[in-house]
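Trainee: In our numbering, the protein residues as written are 1383 to 1763.
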């Protein structure tokens, strides 16, 4: 099929993946209203079209945490990426490195941090969840640092897993889940051979020391529920700030008070995020939450954002709302599932081209010029 947008990648991923994996990427919490609003609220942001502004040279590059990069984007931490394509984390990391943007590895990845770092020519970011076992967290931080990870993205909006109804219906969880997944895989022979057979080992590489070397998808959902720590408080993050010497980014912030708390503990950045609508349905979309947080802490922290970003135009919208960089999650997962490393490369090229068009038509030539002045009207609060 012809690929010209994220919508095309999504359809290609739907055709290729077993249902339990596609719905895991594609779904949200409860009735999925926040997930839908992430897309619709961002699409509703109107920009000022400007003319005769000499946009013969447009540069979408930027600097995040002291590192120059080709685009103001990073590939977000997405769990189980190695199940969407053969050793998928390695493929995505290579595509990101070739384009000159960061790749952030999830705690719950198939490939562990050492394997991904060995496959990529560029340093990676590492994402960590709040876990009950603090000694295991310390060990994982040490492994990530030793592997050359430069930036820690600490996810704080998952003290408990959200209610994701699709997972029970799809076979990711629920009655007879292993048998249902096996049947679905048999109906997708391309995926079954490429990933199911050739993509072994199917274990959660970073948490294998806790789960055991034979750990796999069957252990994933139970491990999530048993190991996330709902008791953590801001004061508990002090040891993480002390243990991690590089940039520390707090992911999952929707409220200005929490953004200020992140600054108070010494974080370097925040990600305005509702976990892609996968946690608490009914909260603000990222686009609606972003301006107030940028106003509150933009002079203290590097403000990043994710949620609903499907194009380079959406990246420009997020920057206009106050973000300094944007994390791409579902969009790259669809591309990876559709075509592996080549798909992620194509997606990043599309975002590059779409950003350049949006910048030219709003009359800006550099990322530093994208701010609220390119908005046609003040954003809704």
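Beta carbons: idealized from backbone N, C-alpha and C, even for Gly.
(1) Once you ignore the five residues that flank residue 1643 on each side, which residues in its own chain have a CB closer than 8 Å to its CB?
(2) Can you tell me whether DSSP reads residue 1431 as helix, strand or coil?
(3) Three or more C-beta pairs under 8 Å: does that hold for the stretch 1540-1560 against the stretch 1607-1626?
(4) I need the boundaries of the beta strand (DSSP E) containing residue 1509, first residue and last residue.
(5) If the criterion is Cβ atoms closer than 7 Å, does the pair residue 1743 and residue 1431 meet it?
(6) Assign residue 1457 to one of three DSSP states: helix, strand, or coil.
(7) Quick one: any contact between the stretch 1472-1481 and the stretch 1739-1758, if contact means 3 or more CB pairs under 8 Å?
(8) How many angstroms separate the CA atom of residue 1532 from the CA atom of residue 1577?
(9) Cutting at 6 Å between CB atoms, please list the residues of its own chain near residue 1574, excluding the five before and the five after it.
(10) State yes or no: is the C-beta of residue 1443 within less than 7 Å of the C-beta of residue 1452?
(11) Given residue 1550, which residues of its chain have a CB within under 8 Å of its CB, disregarding the five upstream and five downstream residues?
(12) Given residue 1401, which residues of its chain have a CB within under 6 Å of its CB, disregarding the five upstream and five downstream residues?
(13) Quick one, which of 1465, 1645, 1495 and 1682 has its alpha-carbon nearest residue 1526's?
(14) Please tell me whether residue 1638 and residue 1674 are closer than 7 Å, where the distance is taken between their beta carbons.
(15) CB-CB under 6 Å to residue 1518, same chain, minus the five flanking residues each way: which ones, in chain order?
(16) Assuming contact is defined by CB atoms lying nearer than 7 Å, are residue 1530 and residue 1505 in contact in what I supplied?
(17) Since residue 1581 and residue 1415 are thought to touch, with beta carbons under 8 Å apart, how far apart are those beta carbons, to the nearest angstrom?
(18) May I ask which residues mark the beginning and end of the beta strand (DSSP E) holding residue 1687?
(19) Following the continuous beta strand (DSSP E) through residue 1451, name the residue where it begins and the one where it ends.
(20) CA-CA distance, residue 1497 and residue 1688?
(21) Need the endpoints of the alpha helix (DSSP H) that residue 1389 sits in, please.
(22) Out of curiosity, what's the CA-to-CA distance linking residue 1654 and residue 1669?
(23) Can you list, in chain order, the residues of its chain with a C-beta nearer than 8 Å to that of residue 1570? Leave out the 5 residues immediately preceding and following it.
(24) Any heavy atom of the ligand FMN closer than 6 Å to the CB of residue 1505?
(25) Quick test of your reading: residue 1665 and residue 1652, contact by CB under 8 Å. State the CB separation rounded to the nearest angstrom.
(26) Got a sec, what are the start and stop residues for the beta strand (DSSP E) residue 1536 sits in?
Mentor: Checking against the coordinates, here is how it stands:
(1) 1616
(2) Residue 1431: coil per DSSP, three-state reduction.
(3) The stretch 1540-1560 vs the stretch 1607-1626: in contact.
(4) 1507-1511
(5) yes
(6) strand
(7) no
(8) 29 Å
(9) Closer than 6 Å at Cβ, skipping near neighbours: 1567.
(10) The answer is yes: Cβ separation under 7 Å.
(11) 1556
(12) 1552 and 1566
(13) 1495
(14) yes
(15) 1592
(16) yes
(17) Not really, about 34 Å apart at Cβ, beyond 8 Å.
(18) For residue 1687, the enclosing beta strand (DSSP E) covers residues 1684-1687.
(19) 1449-1451
(20) Between residue 1497 and residue 1688, the C-alpha separation is close to 26 Å.
(21) 1388-1398
(22) Residue 1654 and residue 1669: Cα-Cα distance of roughly 9 Å.
(23) 1398, 1399 and 1400
(24) Absence of the ligand FMN is noted for the structure shown, with no ligands found whatsoever.
(25) That pair is no contact at about 16 Å.
(26) 1533-1537
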